[in-house]
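Start counting the sequence shown at 128; every next residue gets the next number (this note's numbering). Read through the structure below, which is laid out as structure tokens, and then see the notes.
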Amino acid sequence: KQEVQPMGDNPENVQIHIVIPGKVTGAIVGKQGAAIKSLSEQAGCRLSVSTRTVQGMRPPDRRVMAVGTFSQVCAAEQLVHNAVTQAEAGSEDATNSFTTIFWIPKEYSGAIIGKSGATLGQIRESTQVKVHFGKEEVRMMRPCTIVGPIANVIQAQSMVWNLLSVEMQNHGPAKRPPGSEPQPELESSKLLVPARSAGSVIGKAGSGLCKIREDHGVKIDMLQQAQAPHWTEDRVVILQGAAQNRQAAMCAVLQAAYQGDENNVNLKMLVSGQGAGALIGIKGGTLKQIREQTGLSTQVEKEPIMGERLVTCTGPMRGVLTVVGLIMNILSQPNKSGNNDGA
128 KQEVQPMGDN PENVQIHIVI PGKVTGAIVG KQGAAIKSLS EQAGCRLSVS TRTVQGMRPP
188 DRRVMAVGTF SQVCAAEQLV HNAVTQAEAG SEDATNSFTT IFWIPKEYSG AIIGKSGATL
248 GQIRESTQVK VHFGKEEVRM MRPCTIVGPI ANVIQAQSMV WNLLSVEMQN HGPAKRPPGS
308 EPQPELESSK LLVPARSAGS VIGKAGSGLC KIREDHGVKI DMLQQAQAPH WTEDRVVILQ
368 GAAQNRQAAM CAVLQAAYQG DENNVNLKML VSGQGAGALI GIKGGTLKQI REQTGLSTQV
428 EKEPIMGERL VTCTGPMRGV LTVVGLIMNI LSQPNKSGNN DGA
């Protein structure tokens, strides 16, 4: 039976196994586990190495099993890949191919596979990787194996994660085996900021994100470009916490991103389909009210991207922040969206 780890308390945790050549296991683990402990601390997620007898694996291969948030696990993948590349330097067996197994909660498998495998086909075509969705089930999850260059693999995983996020927003967190009940899910909001301004938001050594986290009592995470491949000119910021805290944190993010350009602020928010409907209102009435109250043209894109709709507004900082407040107020009302508040 395949080794699959408990998922922990965070309902947004994912589990991804990184296949490594058995001969480099010592370099990954290190003396008395020092190397893998260091990798785990750098990535911020839990890492462990499989035994030598995992079913379905070629004898020379082992797995590094990563459990944490998606961004943490992606960081771990890059660190493990770098360590493997360094350990294999000069070896004739070295390869550019990177293999991972993304464990998908069984109830969300259909959303990843798509009708007649259409969604998997789209992921393969978009990212140029090999993808195989296994039928076996362990700890109420099924394995999705992705093979290709590491950048392409992470891009494919990001597409899978976006689909999973939408499913969790619409249907709640995944079911867990007895004894691994998650804590209540935190409400979340997604904001896009220009990639050129990402450094201003992050701050030196992450100090900017840390200040927003501490000042407003939210969890904040900025995805890497490869984790959100659809947004080539933007970075995705994910905020979790109470609605009023997220609203204040959003304002802080926008102020940091557009410092020195306060008259030309471009608001971009991602909302669920149900959240988009709440913002538009009957015959567009709610959206019209937002425009009339602020004097700014607020738009909701018709076409969803990975299950989410883009809300945009451009104008001076004060007006845009007013739009943010109105949007959050609408989406925080009960039953207005599929991710608790939809923004």
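All C-beta atoms in this analysis are idealised placements derived from N, C-alpha and C, irrespective of residue type, glycine included. For clarity, every value in this text was computed on a predicted model and none was experimentally measured.
query	result
Residue environment, K158, which counts as buried when at least 16 other CB atoms sit within 10 Å	exposed
Buried/exposed call for K317, threshold 16 Cβ in 10 Å	buried
Nearest residue (CA-CA) to R269, options L366, T413, K233, E294	K233
Exposed unless 16 or more other CB atoms sit within 10 angstroms - verdict on A208	Per the sequence shown, the amino acid found at residue 208 is His instead of Ala. H208 should be labelled buried.
Sub-8 Å separation of L453 and Q401 beta-carbons	no
Per DSSP, cross-strand counterpart(s) of H259	T272
C-beta contact flag for A383 and R436 at 8 Å	no
The alpha helix (DSSP H) enclosing T227, as first and last residue numbers	Per DSSP, T227 belongs to no alpha helix (DSSP H); it is in the beta strand (DSSP E), 225 to 232.
Of the listed residues T425, S218, R445, A370, nearest to A455 (C-alpha basis)	The displayed chain sequence assigns Met, not Ala, to residue 455. It is A370.
Status (buried if at least 16 other CB within 10 Å, exposed otherwise) for T222	exposed
Outcome for S459 when other beta-carbon atoms lying within 10 angstroms are tallied against a minimum of 16	buried
Whole-angstrom C-beta distance between M377 and L366, which should lie under 8 Å	6 Å
Expected contact under 8 Å - CB spacing of I273 and T212 to nearest Å	The Cβ separation is near 18 Å, so there is no contact.
Helix, strand or coil at S439 according to DSSP, with G and I counted as helix	In the sequence as displayed, the identity of residue 439 is Thr instead of Ser. In the structure shown, T439 sits in a strand (DSSP, three-state: E or B).
Contact check, L423 vs V447, beta carbons under 8 Å	yes
Option nearest V131 by Cα separation, candidates R418, V280, E264	E264
Spatial distance of T425 from L394 (CA atoms)	9 Å
For R191, the first and last residue of its enclosing beta strand (DSSP E)	For the record, residue 191 in the displayed sequence is Val; it is not Arg. Taken as a continuous stretch (DSSP letters only), the beta strand (DSSP E) holding V191 covers 188 to 195.
Beta bridge counterpart(s) of L453 as assigned by DSSP	DSSP output for L453 lists no bridge partner at all.
Cα-Cα separation, V176 to K346	29 Å
Beta-carbon proximity list for Q386, same chain, < 8 Å, skipping 5 on both sides	S327
CB-CB length for A322 against E360, believed under 8 Å	6 Å
Option nearest V450 by Cα separation, candidates E430, G434, L406	L406
Contact the stretch 250 to 267 vs the stretch 159 to 178: 3+ CB pairs below 8 Å	no
Own chain partners of M192 with C-beta closer than 6 Å, once the 5 adjacent residues on each side are dropped	Q132, H144, S175
Reference K150, options P138, E215, R373, A278, closest by Cα	E215
From G442, M444, G408, residue whose alpha carbon lies closest to that of V427	G408
Neighbour-count burial assignment, I457, 16 or more Cβ in a 10 Å radius	buried
Contacts around Q199, its chain only, beta-carbon distance under 6 Å, and the 5 residues preceding and following it disregarded	A170, G171, C172
Beta bridge counterpart(s) of P321 as assigned by DSSP	D361
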